[in-house]
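Here the structure comes first, spelled out in structure tokens, and everything after it is commentary.
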Amino acid sequence: MKSTRRTTALALAGALSLSATLAACSSDDGEGVTAAEAEEMSDEPVTIQVAIDEGLEEGAVEAINTRVDEFESEHPNVTVETQEYTWVGTTFAADLAGGTLPDVFTVPFTDGRGLIEREQIADISGLVAELPYSGEFNENVAVAGEAPDGGMWAVPIAAYGQGLHYNRSLFTEAGLDPDSPPTTWDEVRDAAATISEETGATGYAQMTASNTGGWILTTMVYAMGGRAETVDAETVTATIDTPEYHQALEYLQQMRWDDDSMGDEFLHDWGTSHADFGAGKIGMFISGGGDYGNLVTQNAMNPDDYGVTVLPLEGDDGAVLGGGTLAAVNAKATDAEQAAAVEWIDFFYMEKLTDPDAAVADARAVADQGQPVGAPILPVFDQATYDESQEWIADYINVPLEQFAPYSDNIYDQPLQPEPPASTQDLYAALDPVVQAVLTDENADVDALLADAEANVQNLIDRG
Amino acid sequence: MVHPATSVPPSGTALPDGGTPATVTPMPTVGTGTPTPRRRPRTPASWVRNGGLSTLVIALPLVLVFGLFSWYPIVRAVVMSFQHTNLVQPAEWVGLDNFTYVLADPMLATAITNTLYFAVLALIFGYPIPLVAAVLMSEVRRAKGMYSALAYLPVVVPPVVAVLLWKTFYDASESGLFNTILGWVGLGPYPWLQDPSTAMPSLVLVATWSAAGGTVIIYLAALTGVAPELYDAAEVDGAGVWRKIWHVTLPQLRGILFITFILQIIGTAQVFTEPYLLTGGGPASSTTTILLMIYNYAFGGRGDYGAATALSIMLAVVLAILSAVYFKLTAKWSD
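Residue numbers (the working numbering), protein chains in the order written: chain Y, 353 to 816; chain L, 2 to 336.
Printed below as a string of structure tokens:
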């Protein structure tokens with residue numbers, strides 16, 4: 353029976369070692385620092401690690417190092433060390449659990465609420481409140497970084513509204529006018545069918561995997577006037593089994609099974625959809641309005657082919673789902689590190705939005721690297737501040753602005769709606785299989801799928 | 002608790018049952034006529050002289066590494082399965098809450114069904130193929146090494162590279178590699194990974210391809226241990242190829258066959274790489290396996306480490322019980 357024991361042990365060890373990565377970390381009291389306390393310790397020498405994008409070219413790294421030197425001469429007691437970091441859903445959780453995140457890092461809006469709820473980032477609200485522009489954030493943008501009591505735990509540094517990206521060359525090839533993209537959902541459907549028929553490319557592609565299925569489906573639902581959750585005092589209710597979710601799924605069903613205009617790939621995530629769109633295989637797809645940079649620099653898209661427009665909104669409640677990037681501070685940072693970290697966020701991310709010299713310096717550095725400058729995004733503050741900052745950098749703008757016109761002429765008039773507040777990624781994850789089912793099973797039962805999904809999401813929200 | 006060793010005098014000669022003097026009296030061996038050599042009392046000095054110290058020094062790194070990277074995480078996992086923790090705030094003890102949550106999760110039934118489906122398909126296709134290949138290869142007279150190398154080649158390819166290659170092969174459009182080849186004989190195009198009914202068999206094909214080589218090598222090694230006289234004897238008795246395989250080869254390999262069978266069951270119960278990289282569990286959860294579910298609990302954006310460890314432990318216990326029962330049932334055949 354020796355081998356029995358050995359194999360039993362082997363089985364145990366095998367299955368259990370899976371959990372090896374779920375290893376331990378220490379805890380923190382989670383109390384925030386006030387500006388007064390920060391003032392007291394402003395002379396203490398302190399070292400902070402700050403995130404810079406992974407895989408930057410040498411020139412870009414040098415530009416950042418110059419900024420680090422400037423910061424250090426302004427704050428003699430602070431030493432800044434850069435650390436390569438790019439937010440990726442799966443590795444972020446592991447980094448957070450393993451305690452390997454830098455002191456200052458960025459996360460998408462979707463993660464802000466959860467991180468704050470679970471106190472997995474530092475409470476810097478006292479320090480942020482002291483910043484001169486703390487009261488001027490666009491309300492819809494600010495909410496992503498705020499705790500339920502209104503304190504800002506994470507600072508919004510960029511925002512976007514979802515848009516419909518389209519390939520101008522495929523439009524032309526299919527006999528459509530790239531300067532007047534679709535403005536209703538019916539027109540989107542017709543254009544997809546035409547592109548698919550005339551060019552053989554995928555007319556319209558939908559992301560469905562790694563939580564993007566729920567993200568894009570909810571984007572469509574928002575535009576059709578629905579919402580994913582309702583918040584009443586402290587009770588959050590999932591509103592998935594609704595006419596708008598039915599409408600969005602039936603719309604996809606028609607494009608997939610009646611028109612056959614959605615191609616052959618139904619497991620697209622963010623990366624593959626952008627790669628295929630960049631490669632000219634996709635006519636239209638929905639994603640963040642600020643994705644131009646990624647498409648051109650990382651997916652080798654020909655800038656001449658790029659077009660983007662706003663999503664069609666329906667009814668009184670139709671709204672554009674918005675997102676963005678938050679700068680946050682590691683929960684394990686000491687009080688002095690937190691104070692220095694907020695100084696860095698102010699200096700590195702925010703100054704270029706509020707100070708003409710910083711804006712120009714930043715634009716010049718980015719343009720020198722051959723990276724796109726001036727692609728329209730949503731203002732973090734108000735429209736006037738944003739327009740002013742675009743004027744400061746006018747000389748460096750190197751993107752084909754006229755191709756953004758269908759988007760940039762209309763996006764600021766669209767009501768921006770933040771993402772579902774509670775368990776956002778869980779909600780998106782639970783909807784992935786629903787979208788996949790509709791696109792891969794001709795007989796998918798939308799009623800049953802949505803009823804199950806709603807129960808499932810409610811369960812996740814309640815677990816917290 | 003005081004460890005018994007702490008009350009033992011430094012000589013280390015006490016017996017565990019209460020400190021009786023430990024000088025072992027030599028017992029004459031009745032009937033053999035040769036006296037047993039007198040055993041010396043074990044002292045630290047004799048322990049060192051007999052190489053105890055070097056044994057300890059040699060074993061220490063292994064014990065430390067295992068302790069730190071295997072046993073400690075296992076203990077941590079068991080502890081975490083009874084906690085709610087985000088690894089930042091202090092953990093909260095929740096009793097069996099994680100276990101009841103996982104057991105009530107509607108996805109669990111789907112994941113178990115999918116994993117069983119994968120295991121059954123992998124057994125039907127993946128278990129006999131290496132055996133057949135090994136028996137055939139052992140019959141080959143020339144260039145045996147080349148066949149072994151070819152069979153083992155897929156194992157050498159890094160799993161992630163292999164899986165990403167298969168992803169391009171499985172391209173569901175008419176211009177995909179498999180669909181193009183099948184198109185030449187008028188078949189397809191098939192959706193492969195893009196359809197809930199064909200996704201899992203597609204994954205099994207990848208897993209079988211990548212794992213078969215290793216098992217072939219094991220069988221080939223075992224086949225060299227089969228005494229040629231047995232085949233000669235069978236031949237004299239008039240046995241053909243099939244009867245030789247049935248009456249000589251398979252019975253001689255049964256010990257190895259039992260081991261590879263249970264290892265395959267354990268392996269398939271923990272299938273992760275293929276669904277994670279090829280389908281992400283889709284389409285429509287048709288390839289969400291138990292391990293993928295564990296991964297999603299912990300790293301799918303939720304950070305639910307309690308649920309993840311609870312499910313890990315339940316899987317480990319089930320596999321342990323399965324292995325024990327299996328060996329109990331097959332013990333009498335493998336002797």
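Even for Gly, the Cβ is constructed at its ideal location relative to N, Cα and C.
Could you tell me the distance, in whole angstroms, from the CA atom of residue i to the CA atom of residue j?
i	j	result
G566/Y	T792/Y	16 Å
M201/L	F629/Y	28 Å
V89/L	M572/Y	35 Å
A631/Y	Q650/Y	11 Å
S71/L	E436/Y	29 Å
M482/Y	A693/Y	Checking the displayed sequence, the identity of residue 482/Y turns out to be Glu instead of Met. For E482/Y and A693/Y, the distance between alpha carbons rounds to 14 Å.
Q690/Y	A600/Y	44 Å
Y277/L	V205/L	13 Å
L522/Y	R815/Y	46 Å
D804/Y	A332/L	46 Å
V493/Y	T269/L	46 Å
A226/L	L151/L	For clarity, residue 226/L is Gly in the given sequence; the question names Ala instead. Spanning the two alpha carbons is a distance of roughly 22 Å.
S313/L	G307/L	10 Å
V718/Y	L292/L	43 Å
E743/Y	T706/Y	12 Å
I509/Y	G640/Y	15 Å
G503/Y	S477/Y	5 Å
E549/Y	G527/Y	11 Å
S211/L	A163/L	8 Å
Taking the alpha carbon of residue i as the point to measure from, which residue in the options has its own alpha carbon closest?
i	options	result
D529/Y	G515/Y, T546/Y, Q514/Y and E743/Y	T546/Y
V80/L	E175/L, D98/L, V164/L and A134/L	D98/L
T274/L	K245/L, T44/L and P159/L	P159/L
H85/L	I75/L, G96/L and Y327/L	G96/L
E585/Y	E488/Y, P773/Y, N808/Y and Y759/Y	Glu is not the amino acid found at residue 585/Y; the sequence shown has Ala there. Minimum Cα distance to A585/Y is reached at P773/Y.
Q766/Y	P785/Y, G577/Y and A683/Y	G577/Y
V430/Y	A789/Y, E695/Y and G411/Y	E695/Y
P190/L	F300/L, Y232/L and E175/L	E175/L
Y298/L	A445/Y, L408/Y, E409/Y and T418/Y	A445/Y
L783/Y	R520/Y, V480/Y and I592/Y	I592/Y
For a test of your reading of the model: does the CB of residue i fall under 7 Å from any non-hydrogen atom of the ligand PLP? Yes or no.
i	result
Y306/L	The model on display carries no ligand, and the ligand PLP is accordingly not part of it.
How close, in whole Å, do the beta carbons of residue i and residue j come, if the pair is a contact with beta carbons under 8 Å?
i	j	result
I468/Y	W505/Y	5 Å
A173/L	D616/Y	4 Å
A285/L	P197/L	5 Å
T462/Y	T776/Y	5 Å
F756/Y	P731/Y	Going by Cβ atoms, the distance from F756/Y to P731/Y rounds to 15 Å, so no, they are not a contact pair.
D432/Y	I400/Y	Before going further, note that residue 432/Y is Val rather than Asp in the sequence given. Right, the Cβ-Cβ distance comes to about 6 Å (below 8 Å), so this counts as a contact.
A590/Y	E806/Y	5 Å
V809/Y	L768/Y	In fact, because the Cβ distance is near 23 Å, the residues do not count as touching under 8 Å.
G464/Y	G497/Y	5 Å
Indicate whether at least one CB of chain Y lies closer than 8 Å to the CB of residue i.
i	result
N115/L	no
L65/L	no
S286/L	yes
R255/L	no
G304/L	yes
F300/L	yes
P197/L	yes
Compare the C-beta of residue i against all C-beta atoms of chain L and say whether one is closer than 8 Å.
i	result
P500/Y	no
S425/Y	no
A445/Y	yes
A481/Y	no
Q472/Y	yes
A774/Y	no
A494/Y	no
R815/Y	yes
V431/Y	The amino acid occupying residue 431/Y in the given sequence is Thr; Val does not appear at that position. Chain L, which has no Cβ nearer than 8 Å to the Cβ of T431/Y, makes this no.
A585/Y	no
Next on the checklist: Under 7 Å, CB to CB, which of the residues in the segment 174-193 of chain L have a partner in chain Y?
Outcome noted: S174
Next on the checklist: Residues of the segment 93-108 of chain L in Cβ contact with chain Y at a cutoff of 9 Å, in chain order, please.
Outcome noted: Y102, A105, D106, P107 and M108
Item to check | Near-chain L residues of the segment 619-637 of chain Y - C-beta to any C-beta below 8 Å | outcome: L619 and D621
Checklist entry - In the segment 672-688 of chain Y, which residues sit with their C-beta less than 7 Å from some C-beta in chain L, listed in chain order? => result A683
Checklist entry - Residues in the segment 563-581 of chain Y with C-beta within 9 Å of chain L's C-beta atoms, listed in sequence order? => result N563 and G565
Checklist entry - Which residues, taken in chain order from the segment 267-298 of chain L, show a beta carbon closer than 9 Å to some beta carbon of chain Y? => result I267, G268, A270, Q271, F273, L279, T280, G281, G282, G283, P284, A285, S286, S287, T289, L292, I295, Y296 and N297
Item to check | Contacting positions in the segment 73-93 of chain L - beta carbon closer than 7 Å to chain Y | outcome: P74, I75, R77, A78, M81, N87, L88, V89, Q90 and P91
Checklist entry - Any residues in the segment 788-809 of chain Y with a beta carbon nearer than 9 Å to a beta carbon of chain L? Which ones, in chain order? => result Q788, A789, V790, L791, T792, D793, A796, L801, D804, A807 and N808
Item to check | Positions along the segment 599-620 of chain Y whose CB lies within less than 8 Å of some CB in chain L | outcome: G615, D616, E617, F618 and L619
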